[in-house]
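Heads up, the thing below is written out as C-alpha cells.
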C-alpha cells in the first residue's frame, strides 16, 4: 500500500508530468491526481482507445501484445501503460517538441 | 592547225571562213557585188586557191582550210556568203562534194508533202445497203442464258373437285396432332455434323477470392420524432472500494511493472527529442527570392516635378501609411537666405507645395497641397492619414485635411483608373477638367504667427494616441483614441507642444474677434480645423537654454519614446482598425477638448526624449516642466545629458524599429548609436567619413542595418553584424546631395526605399532580398552586440577611475620624492 503511493509519487514528480491516473480493466478510475471531471473524461476516452490498439496488435499477430501506447499532440503527450488488471496512464507536458 | 568545222551544228562539211576585202577582190566574191542575196555562193577553182596560198602563205584567208582544199576531190569548191553569220563568220566553205550537191540541189521532200495537202476527195458517197452475214458468237448468249429465269421443274397440276351437294355447306375444322397420323409431315432433323464442330483447346479463366458478402436490408418503422434524453454518471468506485483495491496484490505488481516502462519513456523524452527535423534546423533561410548575390538597390521609379519654374529641393519625404504606391514629398526652393529675401516678391507668387506621387503616374502628381510658405517637415497623422501636419519655413504649422479627396487617391492603381473615375464619382462631373489635372488643396489651418515659432520648424511629430500632455508637461491618458497632439522643434531654440482640439476657456473672446475679422475661407476647404486657423497657440513651450548665456541649443530633430510604434507597418490590421473609414463619423471632425483637467496624471511615464542640435550635440532632456520656486513660473528641467559628438548639424535622430532604447544619430561627418539610459557616451561612434553625411534611416526589417546618405549622392549601407568600422556597401544613387531617405515595407517580398536629393528628384529603389530579410537570430546577435558595447563602456569608465587613482598616486609619489 505504501509501495503504491511511493511508486505513484515517484512518477508524478518527474519533470513535466501533469497528472497520473490508474484505471481498472473496465475503465473505472482507481487513483488519480487530476480533478474528477477530467479524470472521468480521460478514463472513458483512453480506455476505448487502448482496447482498440490492443485488439489491433493482437489481430495482426495473435502472439503479440501491446506494451506501451504514446499519444503525442501539439501541447501534451499522453502515455498509457496497459497491464493485466489495470491500465495506468499519465498525462505529460512535453516541452521539447516543436512543430 | 585543224580547221574548225560545224560538226557541232550538224553540218560537218561546213567550214566558216573570214574573207578580207582583198581576198574578196581576188576571187571576185565581193559582198553585195558578186555575191548577193539571190546568189550567195560562188564556185571557186581549186587551182586559184592554191595560187593564193602560194602567194600570200600564212596571210591568206584560206590558210586554215588548206588541208580541206588539198583533200577536196573535185575541182571547184563552193564558197557561200553567210550574211546572217549563221556559222559565226561572214563566209563558209563547203568541204565535200555531197555538201556542194546538197546545197545546190536541195532534196525534193517538202514538195511531196505539199502535194498531199492539196488532195481534195472528189468521190461522191454511194450508199451500200448492209449485207447480212452469218452471226458470229462472241459469248454474249451465255450471259443471257445465265441471267434469264426459267422454270427448273415441271409444274404439277392438281384438280380438286367436290360433290355438288356440299357446296356452300358449313365448314367444320378440327385439330389433329401431326405426329399421330402417319406421313402427315416430313421433318428434317438437325444432326451434329462433324465438319462444323470446333473443339476449344484453351480457355482463359480468372478467379478472385472475395470475402463472403451478404446484402440485406431492413426497413425501420418511422412513426414520429420524439425527444429523448439520457442522463448518466460515470461509474466510480467508492472510497472503501478504492482502498481495498489499492492494497490488492495484483495492483501492486502491475504498478511495479508498469512504472518501469513509464519511467523509461519519460527519460527518453528527457534525453532527446526524436522528432526534430534536422534538415530544417540546418538551413538558415527558408528560401530566397531572387539572386542571393544581388545586394544592390535597384532603381524602380523616379519622380521629378517638371512644372515648377524655379529649382526646388526635396526637404521631406513620407510614404502614405495605408495606400500602396503613394508617396508625399515636400519641396522647397533652393535658395540661400539672402536670395530668398531678394526674390521674396517672386517667390510669393509661386505656391509652396507638398506633392503626392503615385507609382502609376511618374509625371503628374496626384495631389498638391498648398501651403503659405515652403514646408521643411511634415507628417501624416497616424490615426487618420487624411490629416497632414507640416512645419513651415516661417515658423507656422500648417494642417491639411484631404478627406474629401481620399477616394481619388485610394483608387489609384497602375493603369487607367482615371477614365473609370469619371463615371463613378459624381463630384467630378461638375468639374470635368479636374480629372486630368492634379488637385490643388488649400491648407485647413495655420498656427498663430505671434505665439508660435519664430524661425523655421525643423521637426514635427504627432504624439501617440495613447497619452496626452497638459501645459505642465504631465502625462495623462488619452481617452479620445486619436492622435491629437503634436510636438515641434524649431531653429528659434524652442520645442513646442500643440493640441489640435479646441480650447474652451477663451471662447467668449475669440468669437467676438472672429466676427470682427470675418476671414473669408474658400468653399472647398473643409472646416475641420477652423477653430485653430490663425489662432492656434502652443500648449507649452520649452526653451533649450545653455544656462546663463543667451545662446541656446538649436534643435534640429527630436525623438520621442513612442515614435517608432507609430509607423510599425507590419501590424497593418491594427493600424487600419484605428484609422477611421470614410462614412463613419470621423472623430477629427468632431473634436472635443481634452479631458486633461479631469484625469489624474500618469506618474511613471518616461517623459525624456533625445534632441539633436544644429551644432552637433545630442541632448537627452525632459519635457516635464517644474515650477520654479523663486518666480513661480514654469521652468523646463535641465537636460539630463549633453554630448557633442558630431561635427555638423544633426539631421537624424531615430529610434531603432526593433529596440526601443537604441537611437541612431547622424550628423556632420560621422554617426553614432546610443542606448537610452547609458549616459556615458554612444555605444558606437564611427570615424570621420570622407564625405559629409546628409541623411540616415534604420532599416525596417533588419535590426543591424541602416542607410546613410552622403553629400556626393552615394548611399552607405551599414551592417552592424558585418563591419562596424565602415559601411558594408556603398552605392551611387545620384549626382547631388541626398536630402532624405525613407524605406517602406509593402509586403514580405517588396520593400522600397525612397531617396530624395538636392535637385528635387525623388528616386524609388527596391531593396534586394539580402538587405530586407533578416538572418535567423539576427535580432539576438545585434542585441548581444549592443550589450557588449554597453559593458565595454562601463569597463572604460572603470578604467578611467582606475587611471585617475593611479595618476593621483603617481603625483603623490612625485611630491614625496621632491620632499
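Residue numbers (the UniProt record's numbering), protein chains in the order written: chain A, 1 to 99; chain B, 1 to 819. Ideal Cβ placement from N, Cα and C applies to all residues, glycine included.
Rounded to whole angstroms, the Cβ separation of residue 696(B) and residue 714(B) is 13 Å, and the two are not in contact under 8 Å. Residue-level contact by beta carbon fails for residue 18(A) and chain B, as no gap is shorter than 8 Å. Taking all protein chains shown into account, residue 336(B) has fewer than 16 neighbouring C-beta atoms within 10 Å of its C-beta and is therefore exposed. By the beta-carbon neighbour count (other beta carbons within 10 angstroms, threshold 16), residue 447(B) is buried. At a C-beta separation below 9 Å, residue 4(A) has these neighbours in chain B: 246, 247, 251, 252 and 255. Closest option to residue 268(B), judged by alpha-carbon separation, among 70(A), 10(A), 75(A) and 74(A): 70(A). Out of 239(B), 797(B), 769(B) and 785(B), the CA that lies nearest to the CA of residue 298(B) is found in 769(B).
Residue 357(B) counts as buried, since at least 16 other C-beta atoms from the protein chains shown sit within 10 angstroms of its C-beta. The Cβ atoms of residue 80(A) and residue 50(A) sit closer than 8 Å to each other.
Taking a Cβ-Cβ threshold of 8 Å, the residues of chain B close to residue 14(A) are 263 and 266, in chain order.
Pairing residue 5(A) with residue 255(B), the inter-Cα distance amounts to about 10 Å. Inside the segment 615-651 of chain B, DSSP marks no whole alpha helix (DSSP H) run of 4 or more residues. Closer than 7 Å at the C-beta level to chain A, one finds these residues of the segment 219-246 of chain B: 234, 235, 236, 237, 242, 245 and 246. One alpha carbon belongs to residue 712(B), the other to residue 478(B), and they sit about 45 Å apart.
Using a CB distance cut-off of 8 Å, residue 79(A) counts as an interface residue toward chain B.
For residue 57(A), no Cβ of chain B is located within less than 8 Å of the residue's own Cβ. By the Cβ neighbour-count rule, residue 409(B) is buried, with 16 or more other Cβ atoms within 10 Å of its own.
Within the segment 310-331 of chain B, contact with chain A at the beta-carbon level (separation under 8 Å) is assigned to no residue. Residue 776(B) is not a Cβ neighbour of residue 737(B), given a cutoff of 8 Å. Per DSSP, the beta-bridge partners of residue 370(B) are 353(B).
Within the segment 176-211 of chain B, no alpha helix (DSSP H) run of at least 4 residues lies entirely inside it. Look at the UniProt domain "Roadblock/LAMTOR2" (4-93) of chain A and you find these whole runs of alpha helix (DSSP H), each 4 residues long or longer: 36-60.
For residue 793(B), the uninterrupted alpha helix (DSSP H) segment begins and ends at 778-818.
Looking from the CA of residue 676(B), the closest CA among 685(B), 277(B), 669(B) and 663(B) belongs to 663(B). Taking 8 Å as the Cβ-Cβ cut-off, the segment 724-746 of chain B has no residue approaching chain A.
The beta carbons of residue 67(A) and residue 261(B) sit about 7 Å from each other, so the pair counts as a contact at 8 Å. Closer than 8 Å to the CB of residue 60(A) there is not a single CB belonging to chain B. Within the same chain, and ignoring the five residues on either side of residue 8(A) in sequence, the residues whose Cβ sits closer than 7 Å to its Cβ are 20 and 31. Assigned with DSSP and collapsed to three states, residue 766(B) falls in strand. Looking at 779(B), 13(B) and 203(B), the one whose alpha-carbon comes closest to that of residue 658(B) is 779(B). Interface annotation, residue 23(A): not in contact with chain B, CB-CB separation never under 8 Å. Annotation for residue 244(B): no beta strand (DSSP E) segment contains it, though the alpha helix (DSSP H) segment containing it runs 239-247. Contacts between residue 33(A) and chain B, judged by CB atoms closer than 7 Å, are missing: the closest CB pair is about 14 Å apart. If you ignore the 5 residues before and after residue 600(B), its C-beta comes within less than 8 Å of the C-beta of 476, all in its own chain and listed in chain order. Under the three-state reduction of DSSP, residue 67(B) is assigned to helix. In this structure, the CA atom of residue 363(B) is about 60 Å from the CA atom of residue 798(B).
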